[in-house]
Every structure is written in C-alpha cells, then in structure tokens.
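Have a look at the structure below, then the notes.
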Ligand SMILES: [Zn+2]
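Residue numbers (the working numbering): 8 to 97.
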C-alpha cells in the first residue's frame, strides 16, 4: 500500500510540493505571523519553498496576505525573510 503524501502549494511559485519540502508560515489566534518550524502550531497556514526567490514572489503577489487573510506589516515580512534565509542556508 502506498501512503499518500500531503501536498501543499507554495504561495510563491505555485508549485505543489510535499509538506516537508515547504516552510509553514502561520497566523496565530493572536494575529501574529510566525514561521512555524515544527509544522504543528495551530493557526491558518501558508506554505512556501525555503528560498528567497519564492519568498519575494509571494510578497510581491501578496500571496501571504491572501492565504493568511490579513495585511502583513513590512517589518514582519523582513523578519520572516531573515529567518527563512537562515533556514535555507542550513
Ligand atoms: Zn516555491
């Protein structure tokens, strides 16, 4: 029997990938935007490939805003990008 791999769409490039290939960004119940490295926190989530290109595409196209249903302050975007680049760099 083959296990079904849960697929999610990157809000940057729009490609479908397995959850573990993507980073999860969530909006918490307190309306905070966080990078959820465990993938287990509660909240509305958006998925993104762990690279700067997809991140910038998503920001430009307002992909996070659409997925998370709120406006995201510029400094939050900048923090997320920094955090993401750290993860992407290993
Ligand atoms: Zn992508």
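Where is the CB? At the ideal position from N, CA and C, for every residue including glycine.
Let me have the residue list for ligand 1: C-beta closer than 5 Å to any non-hydrogen atom, ordered along the chain.
-> Selection output, chain order preserved: 17, 19, 20, 56 and 61.
Between the Cα of residue 22 and those of 65, 44, 89 and 93, spot the shortest distance and give me the residue it belongs to.
-> The sequence position of residue 22 within the chain shown is 15, counting from 1. Distances from the CA of residue 22 to each of 65, 44, 89 and 93 were compared; the closest alpha carbon is that of 65.
Nearest-angstrom Cα separation, counted from residue 19 out to residue 28 = Position 21 of the chain shown holds residue 28. Position 12 of the chain shown holds residue 19. Residue 28 and residue 19 have their C-alpha atoms spaced approximately 14 Å apart.
Kindly indicate which three-state DSSP category residue 10 falls into: helix, strand or coil?
-> For the purposes of this step, residue 10 is taken as residue 3 along the chain shown, with counting starting at 1. Residue 10 falls in the coil class under three-state DSSP.
Identify every residue that forms a DSSP beta bridge with residue 67.
-> Position 60 of the chain shown holds residue 67. Residue 67 pairs with nothing; no bridge assigned.
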